Each structure stands twice: as structure tokens, then as C-alpha cells.
Amino acid sequence: MAEPRIVVAPAAFDVAGEIARLTEGRQDVGGIGCFIGTVRAESQGRAIVAMTLEHYPGMTEAALAGIAAEASARWPLLGCTLIHRVGRLLPGEAIVLVLATSAHRQAALDATGFLIDWLKTGAPFWKKEHFADGDAIWVEARETDAAQAARWR
Amino acid sequence: MAEPRIVVAPAAFDVAGEIARLTEGRQDVGGIGCFIGTVRAESQGRAIVAMTLEHYPGMTEAALAGIAAEASARWPLLGCTLIHRVGRLLPGEAIVLVLATSAHRQAALDATGFLIDWLKTGAPFWKKEHFADGDAIWVEARETDAAQAARWR
Amino acid sequence: MSEQPLRILYFAWLRERVGRAEETIAFAPEVASVAGLLAHLRARGEGHARAFAATAQVRAAVNQVFASPETALHPGDEVAFFPPVTGG
Amino acid sequence: MSEQPLRILYFAWLRERVGRAEETIAFAPEVASVAGLLAHLRARGEGHARAFAATAQVRAAVNQVFASPETALHPGDEVAFFPPVTGG
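Residue numbers (the working numbering), protein chains in the order written: chain B, 1 to 153; chain U, 1001 to 1153; chain S, 2001 to 2088; chain Z, 3001 to 3088.
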């Protein structure tokens, strides 16, 4: 596999451009698995007006590169892209992108699922939700997310 | 769920535009599952120069709408798009697009996997591969594809 | 009384072997099921015989719904014959 | 001989409660493990005490690798404290 592309930054990402990076000029890709996470306007029954994502510069990028390498070891991937935004994000905005390419669809889809489960549970990001009434709270780690990621262990 | 979007046509599709159709102006989507199938330059060890996709106009669209409805019944989808190209396609070209949106990632990803498995095995399309030496053969249905789709039964 | 004929469609290599994409067949008791129609078509000519030689590789739809050999046919039905699907 | 200090980083609500994102601590035998450092920091002031009150909710990394309370520390190490991750 080519070097995975890892980006942790505030800027919005360009899905079509990212897909083109993994596929343009090559004819060995049979399937592109893709997942885009977006900010919902509601969290556990409360309306949110914004979300702030904090990360650990250096460690976060290294951790993402590490999981991309693990996915490549598990599945015959031709390419892999992980982009995670940080900073203040609004409902409706895209926050995370996973792309995995392979000669065959199942590897691409399984790797995509594995990577997003890990990004949601193992990556060094912390999420603060801002509510309409001015209240803001740090989200607590969810049991179901951890259980989801445990499927892969 | 909104009416699924079903397109069976020769034209190339615009992934970013299709994602925007399912997400723009809404704040309830938490995850977008996506799969793009592309034409590989090789099939079972032989180099191919093109592929022709034949379909059954009317039945194909109805079958795609039916499977989208089934996916919506199985998972809490907010939207679903199935686009399948037909006619002559070249290696490197995108041939099929599946999009499924949901409030949560697992439903979006599971529905995406279900839909592409079915598109590869149950949809009324027939594929002819054109080889460099001028030879052209109709692809035979693959056991592994049928086994894949049987996981969902 | 003149009954509506059956409309027959062929796809992929069945279309190529039969030599046409579509034809009509007068409705009659012996073609009142998919299996009956198939036997009738196989005897229709050389191309048809070649197309329907490997029955195990032939699938059918009646009025655009996947059908089995036992599926009954009625005047005016659209019957399609094709190989197992290989889409995507 | 002057040893390099430990560089301590705080994230999320630990950062907010401590009141800073980063500080340095002189290396000493009692802070030669993550658990030892945590106990030392908890006694450092009111904000620190509040940050480290719920130890079960505190996670650590040493030199950017997830660590356990038993992980040994060495002069010059970068030690980060943060809540369980909630990314994505």
C-alpha cells in the first residue's frame, strides 16, 4: 500500500478530491470504501449549537498512522486516507473522513468499518458539546462505542 | 426515509454532488456510508481493455428501488442513493455508487455493505469483458459473490 | 377470439445466441408456464436451440419479476430470459 | 548534575480544571512512575486536586504512547493526562 494519508486539521475536506488522490491514474482499484461522519444538531436528546474537538498534536497523527498501518496489515489495501477535523464545528458539518481502497469490495468495506470504529473510540480526540442555553459539556466515553471497537480485537 | 434515489444510466456520476443531495440543509445525519465500485484492468489474471454492462430497463430500476426499500426496513436510514452505470466502461472508471445516511455510523455502514453485496449479486446486470486480444466473454456468476449476499438472508 | 401474444426478451449471451433482443409468441396452452415456453422456444431454430442448450444457466423473469420454471404465464405477459446476473 | 524536567500536558476538562495546558515538573524519585506523578500533581494545588479527583476518569500517555499507572518515567519525558477519548 502507498503511504496512508493522515490529516488532522480545522479545515473542511474535499471528498471528491480525496477519492481522486487514491484512484486517479490507476486501474487496480476495484472498490472504494468511504465513511463520512457529520455533526448532528442533537446529542442525547439535547439540541447542540456547536461542538469543539480537541486533540493531542503529534500523538493524534501518530495514532492515526498506526491504525492505518494496522488496517493495511489486516486487509489487502491499495490506499487509505484518514482525515479528522479539530476545533469548533457546526451541526451539519463533516468532521471525519475514512477512505480505503482495495482490488475487492469486502476488504475496502471491512477496513472502512474497522477504521471508523477505532477513530470513534481509540483516537486521542476529546469532544465538547455546546448547547443552545450556553451550557457546554465534555462528552463522556460511551460504552457502546468501546464495545463496537472491541469486535475487532 | 426520503424516497431513495435510483439511477441506471451510461453517464458518469458526481460523488460529491450525490453526497450533498443527501446531507445539504439537514442536521440529523450523523454518518454517511459510501461505496464506489471501479473497473479494474484485470479479471482473473487476464488484462481487460473495456467492459460492457447490459441491463433490463424497467426491471433493473424496480429491483434497485426494491432493495433500497428493504435496506430502509432493516436499518434506520435517513437517505439512500444507488447509481449504476451501463454500457461500455473503461478500466479506472467508476461503475457503481452506494450511499446510505443515518443518525449513527453502524446503520449507515451496514446498509452500505448490504446494498453493494446485493448489487453485485442480485441486480439484473450482465457484464461482458473485452480483452486486449479482441476476445470478449460474458462474465459467469461467481460463487463467492452469491455466498456473500447469502450472509444477509 | 385473438389473445394477446407473449412478449419475449433476451439478454446477454442468450440475446446473442438467439440473434435478437425481442420477439412475440402467440399464446397457447403449451406455453402457459416458463418451462413450457422454454421448451417451445428451444425448438424454434438453431440459434434458439444454442441459447437454451444449457438450461441450468438460464434464468427468467415474468413481468419484470424473477420467476421459476413453474411460474404460470398469461396472454400479454412479458417474459425475459437471461443468464445468472453478474452486475456491478 | 541537573536532570531534565518532566513536561506535563493536560487535555479537555483536565486542562480546564488545572487551569493550564502545560507545565514542567522537576524529575525526582517520587515521580518516577505515572501513578507517582499523578499523586504528586494532585497535591500541587486546588485546580490540580479537582482535576485528579476522579482518578478512574484519568488516562495518560508517556512520550505520546498510551500508558498505565505503572509505566516508568524518565527525565525529559513528555507525560500527558486526559479523560477517556471521545473522538469522531
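Quick reminder that beta carbons are idealized off the backbone N, C-alpha and C, glycines included.
In this text, all values refer to a predicted model and were calculated from it rather than measured experimentally.
query, result
"Should U/L1097 and U/I1083 be called a contact, given that it needs their Cβ atoms to be closer than 7 Å?", "yes"
"Is the beta carbon of Z/V3018 closer than 7 Å to that of Z/A3067?", "no"
"Do you know how far the Cα of B/A16 is from the Cα of B/L77?", "19 Å"
"Alpha carbon to alpha carbon, what distance is there between Z/E3016 and Z/T3055?", "16 Å"
"Any residues in the stretch 28-46 of chain B with a beta carbon nearer than 8 Å to a beta carbon of chain U? Which ones, in chain order?", "D28, V29, G30, G31, I32, G33, C34, F35, I36, G37, T38, V39, R40, A41, E42"
"Give me the residue from Z/T3086, Z/P3084, Z/V3079, Z/H3074 with the minimum Cα distance to Z/L3038.", "Z/V3079"
"Taking only runs of the beta strand (DSSP E) that begin and end inside the stretch 1083-1134 of chain U, which ones reach a length of at least 3 residues, in chain order?", "1087-1089, 1094-1102, 1125-1131"
"I think S/P2084 touches U/A1141, with their Cβ atoms under 8 Å apart; what is that distance to the nearest whole Å?", "4 Å"
"Quick one, are the C-beta atoms of Z/R3042 and Z/F3052 less than 7 Å apart?", "yes"
"Pop quiz: B/G33 and U/T1038 are said to be a contact at Cβ under 8 Å. What is the actual Cβ separation, rounded to whole angstroms?", "12 Å between Cβ atoms; not a contact."
"Do we get a CB-CB distance below 7 Å when we pair B/P124 with the residues of chain Z?", "yes"
"Can you grab the Cα-Cα spacing for the pair B/V8 / B/T52, in whole Å?", "14 Å"
"Of the choices U/P1057, U/G1113, U/R1105, whose alpha-carbon is the least far from that of U/P1124?", "U/P1057"
"Is U/A1136 closer than 7 Å to U/V1049 when the C-beta atoms are compared?", "no"
"Might you give, ordered along the chain, the residues of its own chain that have their beta carbon closer than 7 Å to the beta carbon of S/A2032, omitting 5 neighbours on each side?", "A2072, L2073"
"Under 6 Å Cβ to Cβ from U/R1005, same chain only, skipping five residues before and after it: list those, please.", "T1081"
"Under a three-way DSSP split, which group does Z/L3073 fall into?", "coil"
"Quick check on Z/A3028 - is its C-beta less than 7 Å from some C-beta in chain B?", "no"
"At 9 Å on the CB atoms, spell out the chain U contacts of S/F2081, in chain order.", "Here the premise fails: no neighbours, minimum Cβ distance about 11 Å."
"For the stretch 4-52 of chain B, list the beta strand (DSSP E) runs that are entirely contained and at least 3 residues long, ordered along the chain.", "5-9, 31-38"
"Show which residues of chain B have a CB atom less than 9 Å away from the CB atom of Z/V3062.", "Within chain B, no residue comes near Z/V3062; the closest Cβ sits about 10 Å away, beyond 9 Å."
"Run the CB neighbour count on B/A68, radius 10 Å, all protein chains shown included, and call it buried at 16 or more, exposed below.", "buried"
"Got a sec? Which residues, its chain only, sit under 6 Å from U/I1154 by beta carbon, not counting five neighbours each side?", "Residue 1154 of chain U falls outside the range modelled here, since chain U spans only 1001 to 1153, and no answer is possible."
"Which residues of chain B have a Cβ atom closer than 8 Å to the Cβ of U/K1120, listed in chain order?", "R105"
"Here's a check: name, in chain order, each residue in its chain whose Cβ is nearer than 7 Å to the Cβ of B/A108, leaving out the five neighbours to either side.", "G31, I32, G33, A100, T101, S102"
"Measuring CB to CB, does B/W138 end up less than 7 Å from B/K128?", "yes"
"Taking Cβ-Cβ distances shorter than 7 Å, what residues in chain Z pair up with B/V8?", "Per Cβ cutoff of 7 Å: no residues; B/V8 is ~10 Å from chain Z at best."
"Based on the DSSP secondary-structure assignment, which residues constitute the bridge partners of U/A1062?", "Bridge partners of U/A1062: none, in fact."
"Tell me which residues share the same chain as S/Q2064 and place their Cβ nearer than 8 Å to its Cβ, disregarding the 5 neighbours each side in the sequence.", "E2078, A2080"
"When you compare the CB positions of B/L22 and B/G79, do they come within less than 7 Å of one another, or not?", "yes"
"One question on the structure: do S/E2003 and S/P2069 come within less than 7 Å of each other, judged by their Cβ atoms?", "no"
"Using 7 Å as the threshold, is the C-beta distance between B/A62 and B/L115 below it?", "no"
"What are the residues of the stretch 65-91 of chain B that lie near chain U, defined by any Cβ-Cβ distance shorter than 9 Å?", "L90, P91"
"Alpha carbon to alpha carbon, how far is U/H1104 from U/D1110?", "11 Å"
"When you compare only the Cα positions, how much space is there between U/A1041 and U/E1054?", "19 Å"
"Which value, in whole angstroms, describes the spacing of the CA atoms of U/K1120 and B/Q106?", "11 Å"
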